[in-house]
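Enquirer: Quick note: the sequence shown, position 50, residue 50 per the working numbering, numbers continuous.
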Amino acid sequence: MLHIEYLIPIFALWHTITTEVRKYKHDHGVANNMVSAIHCVSYIAQYTNIPDRNYTIHVSIGYYIYDLLYLMYALYAKTTTQAKLYTIYVFHHVFASYILQ
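(1) Since H58 and I8 are thought to touch, with beta carbons under 8 Å apart, how far apart are those beta carbons, to the nearest angstrom?
(2) Put Q46 into one of helix, strand or coil per three-state DSSP.
(3) Can you give me the C-alpha to C-alpha distance between F91 and N54, rounded to a whole angstrom?
(4) Name the two residues that bound the continuous alpha helix (DSSP H) containing P9.
(5) Of all the alpha helix (DSSP H) runs that stay within the bounds of the segment 27 to 78, which reach a length of 4 or more residues?
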């Protein structure tokens with residue numbers, strides 16, 4: 001079951017991680033890939049070590065929604081030349097969030 005009250009602090013967590021990575025990596029694509037790698041490692045660590053899968057799923061949904069908002073902003077602001085690729089990522093994130101629920 002999805003708990004909305006868990007997602008706000010998780011959004012803040014991913015925003016903080018993204019902001020800190022972007023201080024050192026000014027290329028947004030590289031920074032976004034590094035945050036994605038951090039999510040993957042944290043998911044694997046939580047999935048194997050914490051028996052409560054509910055929190056792990058909420059962290060993943062929070063990441064996917066946070067990244068989805070970033071992708072939609074990039075498409076709306078037209079800050080990318082890879083609109084087709086970002087559109088595919090948007091559908092990927094929506095589908096992944098749906099599966100995790």
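All residues carry an ideal CB built from backbone N, CA and C; glycine is no exception.
Note that this is a predicted model, so its numbers are computed, not measured.
Expert: Judging by the given coordinates:
(1) About 11 Å separates the two Cβ atoms, so there is no contact after all.
(2) helix
(3) 23 Å
(4) In the DSSP annotation of this structure, the continuous segment of the alpha helix (DSSP H) that includes P9 starts and ends at I4 to Y24.
(5) Counting whole runs of 4 or more residues, the segment 27 to 78 contains the alpha helix (DSSP H) stretches 28 to 49 and 53 to 77.
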